[in-house]
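Protein chains: 2
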Amino acid sequence: MNPNQTVEDESHPSITAASRRIQCLSLHLTPLPPSQPSPQLNMLTCAKAANKLEVDKVSLSTYMRGKNRDIQEKIIEFFESRPDLQTPVGVSMNEHRELCMRQLVALVREAKIKPFRYVVDDPAKYFAITEAIGSIDVSLGIKLGVQFSLWGGSVLNLGTEKHRDKYFDGIDNLDYPGCFAMTELHHGSNVQGLQTTATFDPVTDEFIIDTPNDGAIKWWIGNASVHGKFATVFAKLILPTHDSKKVSDMGVHAFIIPIRDLNTLQTLPGIEIHDCGHKVGLNGVDNGALRFRSVRIPRDNLLNRFGDVSQDGKYTSSLPTINKRFAAMLGELVGGRVGLAYASVGFLKISVTIAVRYSLLRQQFGPPEQPEVSILDYQSQQHKLMPMLASSYAFHFATQYLVQKYSEMKKMHDEQLVADVHALSAGLKAYVTSYTAKSLSTCREACGGHGYAAVNRFGSLRNDHDIFQTFEGDNTVLMQQVAADLLKQYKDKFQGGTLSVTWNYLRESMNTYLSQPNPIIARWESADHLRDPKFQLDAFRYRTSRLLQSVAARLRKHSKTLGTFGAWNRCLNHLLLLAESHTESVILAKFIEAVHKYILNSNIFRLPCAYFLSF
Amino acid sequence: MNPNQTVEDESHPSITAASRRIQCLSLHLTPLPPSQPSPQLNMLTCAKAANKLEVDKVSLSTYMRGKNRDIQEKIIEFFESRPDLQTPVGVSMNEHRELCMRQLVALVREAKIKPFRYVVDDPAKYFAITEAIGSIDVSLGIKLGVQFSLWGGSVLNLGTEKHRDKYFDGIDNLDYPGCFAMTELHHGSNVQGLQTTATFDPVTDEFIIDTPNDGAIKWWIGNASVHGKFATVFAKLILPTHDSKKVSDMGVHAFIIPIRDLNTLQTLPGIEIHDCGHKVGLNGVDNGALRFRSVRIPRDNLLNRFGDVSQDGKYTSSLPTINKRFAAMLGELVGGRVGLAYASVGFLKISVTIAVRYSLLRQQFGPPEQPEVSILDYQSQQHKLMPMLASSYAFHFATQYLVQKYSEMKKMHDEQLVADVHALSAGLKAYVTSYTAKSLSTCREACGGHGYAAVNRFGSLRNDHDIFQTFEGDNTVLMQQVAADLLKQYKDKFQGGTLSVTWNYLRESMNTYLSQPNPIIARWESADHLRDPKFQLDAFRYRTSRLLQSVAARLRKHSKTLGTFGAWNRCLNHLLLLAESHTESVILAKFIEAVHKYILNSNIFRLPCAYFLSF
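Here the protein sequences line up with chains A and B, keeping their order.
Sequential numbering from 1 applies to the first sequence in UniProt numbering.
Sequential numbering from 1 applies to the second sequence in UniProt numbering.
Okay, structure coming up:
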C-alpha cells in the first residue's frame with residue numbers, strides 16, 4: 001500500500017475524497033430520532049444522590065491496588081505514627097533537605113522497608129513503594145528514586161557483578177548515598193552531546209575525569225549538594241590510540257566517581273560541588289552542580305556491562321556501534337520513566353480526591369428560597385472534575401500495564417520488548433505527567449480560595465510535580481520518540497516486519513480502518529452504539545492510523561526539499577498529535593480491558609468510561 | 001425575530017439548515033489553487049533571522065506604555081537602587097510579610113510615590129504603578145492593592161465626605177493600614193449570603209458587629225494578620241422596628257471597624273484575629289481571619305454613600321431596593337477587578353519575555369554535522385510561545401481600553417457605562433487571568449530544567465498569580481455575569497432598548513451575520529482574505545452571535561421544565577463558551593484597532609495579529 005494513494009496531499013485534496021466526506025457528513029445532519037432518556041445521564045443534586053451510590057469499596061480497592069496494598073499501608077501507617085517525620089508546611093530548604101534524609105533513613109532502618117531489593121527483582125513492588133512514599137512528601141519520593149532507581153539502578157543495570165558486590169549493601173542500607181550525574185548545564189535532552197570526558201591512562205590504569213568548560217558542568221544532580229558520597233557520571237570515553245598521539249572518542253559511558261569522603265563527608269580533591277539553590281518545588285532534594293578537574297578513578301569504576309576497557313587500553317563490547325551501545329545504556333534507564341508515569345497518577349488521584357470531596361461539601365448559591373447547592377452540582381464543576389476522575393482510573397490501569405511489561409522486560413531481556421517498553425514508557429510518562437500538571441491547577445481553581453491554603457496541598461503537589469514533565473526526558477522530546485517509533489513500525493510493516501505488542505492494533509487498523517470511511521461519520525447510529533467501548537476504541541485507533549499515514553506522506557514530501565531534520569521540524573506538531581493520539585488509544589484500550597475484567601467479577605460498579613473520552 | 005425560528009433545536013436540526021451547511025462545507029473541500037508562497041510565513045532559523053528584525057523600540061515602547069512610562073521607570077529604578085528592599089528567593093513567610101510592609105513604606109515615604117491619590121482621580125496612573133510594583137514582588141503589588149484600592153477604595157467609594165476627611169491622610173501615608181473584610185469562611189462568591197451582622201443600637205447610637213457562627217468568620221482578609229489597624233467590614237445591617245421587638249434586615253452594608261490599637265497594635269476588645277497561615281503564593285501578604293463578638297462602633301462608621309441610618313434608626317437611601325443598593329455597592333468595587341486584569345497582563349509580559357529570550361539562547365540538537373539550533377527554531381516551541389507573545393500585545397491593548405472606560409466611569413457616573421465596565425472588567429479579568437495562569441506553566445515547561453530554578457521566577461510568578469483567577473470574583477462566576485449581561489442586552493434589543501458601547505457590534509452582527517451563512521464556510525477565498533483582520537473579526541463576532549442566539553433558545557426551552565436556576569445550570573458550559581467568545585471578540589477588536597493606529601504612524605513594525613487567532 002502506498003500512502004500517497006490514499007492520503008490527500010495537503011494542498012490538493014482529491015475531488016473524490018471531498019465528495020465522500022460530504023456524503024458522510026450529511027448523515028450527521030440528518031434529524032436524530034427523539035432519544036430515549038438515558039438513566040445514566042439524569043443528574044441528581046449531590047445531596048439527593050448521596051444515598052444512591054453503591055460501590056463495593058473493598059473489592060474495588062483490592063482490584064485497584066492488588067498485592068502491593070499491604071506494603072503501601074505499612075508505609076502510610078509508619079509515617080502517620082511518626083509526627084517528627086512529617087514535613088511541616090513552610091519548612092525552609094535546608095531543614096527540608098535534612099528532614100528528607102531522616103525520613104529516608106527511618107524508612108530503611110526503622111520501618112525496615114528496603115526498596116533497593118525490588119528495583120530489579122520486583123519492580124511492581126518498588127513502584128508501589130514510591131507511590132506511597134510520594135504521598136508522604138514528593139521530595140522524599142524523588143530522593144528515594146535518586147538513591148535506589150537512578151544511582152543504585154545505574155550500578156545494577158550498567159555495571160557487572162563486581163559493582164554489585166561492592167556497592168549493593170551500601171546503597172541498600174544508605175551507607176552509600178549517591179547521585180546520577182548525566183545532565184550538563186548545556187545538554188539536557190541531547191544526552192549524546194555531553195562534553196565531560198573520561199580519558200584512560202594506561203600508565204596508572206585509571207580514568208581521568210574532566211569538565212572541559214562551564215557548559216559541561218553536571219547540573220541539577222540530586223543528592224549532590226549535601227548527602228551524596230558517590231556519583232554515576234556520564235562522560236565520553238576517550239582512549240589513546242597506539243599508533244599516534246591521537247585519541248578516539250568511544251561515546252558516552254557511565255563511571256562511578258567517589259565525590260565525598262565516606263567518613264568526614266569532605267568533598268574529594270579535584271571535585272567542586274555547587275548548590276543549585278531553591279527550585280520551584282522538591283526543595284527537600286539537594287540538587288547540586290559537579291565540576292571535575294583531572295579526577296582519577298580506577299579502571300574498575302567504569303560501569304562495563306555494555307563496553308569495557310582492558311588494562312592495555314583496548315575497547316571491547318558485545319554491541320557493534322556507539323549508537324547501539326548508547327541505546328542499550330539508555331534502555332536500561334527506562335525504569336525511572338516508568339516510575340514517574342506511575343507516580344504521577346498517584347498525585348492525580350490525591351488531587352482529584354481532595355477536589356471532589358471539597359466540591360461535595362462546599363455549597364454556594366442555589367434556587368430562589370431554597371438551600372444552597374453543592375458546587376459539584378454545577379455543570380461547569382462536573383465538567384472540570386469528572387473527566388479527571390475517570391482519567392485517574394484509566395491512567396491507573398494503563399501504568400499498571402506498563403509496570404507489568406517493564407517487569408517482564410527485566411526478566412526476559414527480549415529486544416522487541418525493550419523497544420516496546422521504551423516507546424510505551426515515553427508516551428505514558430509524557431501524556432500522564434502533562435495531564436496531571438494541568439489537573440493540579442484545575443483542582444486548585446475548582447476549590448477556590450480554600451484551594452489556595454498551603455495546607456490543602458495543591459500548591460506543593462503542583463510545584464513538586466511540575467518537573468515530572470521535564471526530567472527523565474522532556475515531554476515534547478519523548479513524544480517525538482513515540483512518533484519516531486510509530487513511523488518505524490509503519491515502515492517495518494510495509495517491509496514485512498513484525499509489529500510490537502503495544503502497536504499491534506495498527507496492523508489491523510491500517511488494513512481495516514483505512515479502507516473504510518471514518519467510523520464516526522460513516523453511519524448514524526444509536527446512543528448505544530456511540531457508547532459502545534468497541535466503537536470508541538475504533539474511533540481512537542482510526543484517528544491514530546490516519547495521523548500516522550498522513551504524517552508519513554508529509555515527511556516523505558518535505559524531506560526532499562528540507563532534508564530529514566527540516567522535514568521533521570516542519571511536521572512537528574503533526575507528529576506530536578500522532579504520539580498523543582496513539583498514547584490515548586493505548587490508555588483507552590487498557591481502561592476498557594480493566595473495566596471489563598472488573599465487571600465480570602462484579603455487577604455493582606460502573607466506571608465512567610464515557611467521561612474519559614471527553615478529556 | 002424569534003430565536004426559535006433560526007436556531008435549530010438541539011435534537012431536531014432542520015433539513016434546510018443541514019442542506020445549507022453541506023453546501024457551504026463543500027466549498028471548503030474544493031481543491032485550493034497552488035498558493036503563492038507568502039514571505040511572512042517563511043521561517044528562518046533564529047540565528048539567521050537575528051539581524052533581520054527591524055523594530056523601532058523607542059516608538060513602540062512609547063506607544064505601548066504611554067504617559068505613565070516615567071512613573072513606572074522611577075519605581076523600577078528606586079527598587080534597583082535598594083538591594084535591602086529586594087525579596088530574596090526562599091524568604092520565610094514572616095520575613096516576607098515584614099519586608100513587604102517595609103517595601104510599601106519605602107515606596108510611599110522615601111520614593112514619594114503616593115498611589116492613593118490616583119485611585120479615584122487618575123486610575124490609569126494608579127494601575128501603571130501597580131504593574132511596576134507587581135514586577136518587583138507580586139506580594140507587594142497585592143499588599144498595595146489591599147491598602148489603597150480595597151481598604152482605601154472602599155472608604156472613598158462607599159463612604160462620604162466625613163470618611164474621606166477622617167481617613168484619607170492616614171491611608172495615603174500608611175499611618176492607617178487597613179483591611180477589606182468581605183469574604184467569609186462559608187461565603188466567597190455568594191456575597192449576598194454573608195452572615196456577619198451589624199445591629200443598630202439607638203440607645204448608644206452605635207452598631208454592634210457580630211459573627212453569628214464559625215462559617216461567618218471573615219476569612220482570607222489581607223493585612224489582617226499583622227499590620228491592619230482598620231477594616232472595612234461587610235455585614236447585614238439590622239435595624240430595630242418600632243412597633244415590635246422584631247428587626248429588619250436591610251441587606252449587606254460596609255462599616256469601618258478599628259481592629260488594632262493605633263499605638264500598641266494590640267487587638268481591640270471583642271475582636272479575634274487568626275492567621276490564615278501559608279498560602280500557595282503571596283506569602284508576603286498577611287491574610288487573617290476576623291471574628292467579632294459584640295463589637296461596638298459609632299454610627300458614623302457606616303459607609304453611607306448608598307444608604308444611611310439616622311440617630312433614631314430610620315433608614316434612608318437614594319436607591320429603592322436591597323438589590324439595587326447591593327449592585328451599586330459592588331459596582332463601586334469594580335476597580336479591583338480592572339486592576340487584576342491589567343496586572344495579569346504584566347505577568348504574562350514578564351513570563352513570555354523570559355521564555356522567548358531563553359528559547360533563543362538555548363540550543364539543543366540540530367541537523368547532522370551542523371551546530372545545534374535554538375530551541376525557538378522548533379515548530380513545537382514556536383507553537384507554545386508565539387501565540388502567547390501576540391496575546392500579550394492583544395491583552396495589553398484590551399486592558400488599556402478597560403482602564404480608559406473605567407476612568408471615564410469614575411468621572412461621569414453614567415449608569416450605562418457602569419454596567420458596561422462591570423461586564424467588560426468581569427470578562428477581561430476572567431479571560432486574561434486564566435490565560436496567564438496557563439501560560440506561566442507553559443513558559444516554565446518551555447524552559448525545561450532551567451525554568452525550574454526558583455531564581456528564574458516562573459515558580460513564584462505562577463504561585464503568586466494563581467489566585468488572580470479566584471479573588472475579586474471567581475472566573476467561572478464572572479464569566480456567568482458576562483453571559484447574563486449579554487442575554488440582558490439581547491433581550492433589551494428585542495424590546496427596543498439601547499445597547500451598551502462594548503456590545504454595540506451585536507446589534508450589527510445579529511442583523512447582518514445571522515441572516516447570512518457563517519463567514520468562514522460561506523465562500524472559498526484567498527489567503528489575503530483569510531488574513532484580513534476585518535474578516536477575522538467578523539468570524540469571531542459571528543460565533544458570539546450564534547452562541548448567544550442558541551443559548552437564549554435553549555434557556556427558554558429548559559426553563560419551562562427546570563426553572564430558571566435549573567435551566568441556567570443545564571446550559572452552563574454553553575454560557576461560559578458564549579462569554580469567552582464575546583471576550584475574545586472584544587480583545588481582537590481592540591488589538592486590531594491598536595495595530596491599525598500604530599501602523600498609521602509607522603511602517604516598520606507589524607504585530608502578529610494572526611498568531612492571536614490561534615490561541
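Beta carbons are placed, not taken as given, at the ideal position from N, Cα and C, and that holds for glycine.
Fair warning: this is a prediction, and the values are worked out from it, not measured in the lab.
Closer than 9 Å to chain A by CB, residue i
i, result
"M93 (chain B)", "yes"
"N213 (chain B)", "no"
"S380 (chain B)", "yes"
"A231 (chain B)", "no"
"S441 (chain B)", "yes"
"Q364 (chain B)", "yes"
"L600 (chain B)", "no"
"R554 (chain B)", "no"
"A437 (chain B)", "yes"
"C571 (chain B)", "yes"
"S189 (chain B)", "yes"
"R444 (chain B)", "yes"
CB of residue i within 9 Å of CB of residue j, strictly
i, j, result
"L140 (chain A)", "F200 (chain A)", "no"
"K279 (chain A)", "Y452 (chain B)", "yes"
"G313 (chain A)", "L239 (chain A)", "yes"
"V373 (chain B)", "Q364 (chain B)", "yes"
"residue 619 (chain A)", "F468 (chain A)", "Limits of chain A in this structure are 1 at one end and 615 at the other, which puts residue 619 (chain A) out of reach."
"I129 (chain B)", "I75 (chain B)", "yes"
"Y406 (chain A)", "V338 (chain A)", "yes"
"G331 (chain A)", "L319 (chain A)", "no"
"G270 (chain B)", "V295 (chain B)", "yes"
Residue span of the alpha helix (DSSP H) that contains residue i, given as start and end
i, result
"I354 (chain B)", "335-361"
"H383 (chain B)", "379-412"
"E445 (chain A)", "415-446"
"A328 (chain B)", "322-332"
"G159 (chain A)", "Taken as a continuous stretch (DSSP letters only), G159 (chain A) belongs to no alpha helix (DSSP H), as it is neither H nor E."
"D464 (chain B)", "458-465"
"H278 (chain B)", "Counting along the chain, H278 (chain B) falls outside any alpha helix (DSSP H), and DSSP gives it neither H nor E."
Where residue i falls, given that 16 or more other Cβ within 10 Å makes a residue buried
i, result
"D137 (chain A)", "buried"
"A527 (chain A)", "exposed"
"E369 (chain A)", "exposed"
"E77 (chain B)", "exposed"
"M412 (chain A)", "exposed"
is_contact[residue i, chain B] using C-beta, thresh 9 Å
i, result
"P367 (chain A)", "yes"
"N68 (chain A)", "no"
"D485 (chain A)", "no"
"I142 (chain A)", "no"
"H529 (chain A)", "no"
"R546 (chain A)", "no"
"Q469 (chain A)", "yes"
Residue range of the unbroken beta strand (DSSP E) whose run includes residue i
i, result
"C179 (chain B)", "178-181"
"A254 (chain A)", "247-258"
"K125 (chain A)", "Where K125 (chain A) is concerned, there is no enclosing beta strand (DSSP E), although the alpha helix (DSSP H) it sits in stretches over 123-136."
"A231 (chain B)", "230-240"
Can you check the UniProt domain "Acyl-CoA oxidase C-terminal" (532-598) of chain B for any alpha helix (DSSP H) of at least 4 residues that lies completely inside it and give the ranges in chain order? 533-570
Residues of the stretch 267-281 of chain A with Cβ closer than 8 Å to any Cβ of chain D, in chain order: You won't find chain D in this structure, because its protein chains are A and B.
Which complete alpha helix (DSSP H) runs does the stretch 50-115 of chain A hold, if anything under 4 residues is left out? 57-65, 69-80, 93-109
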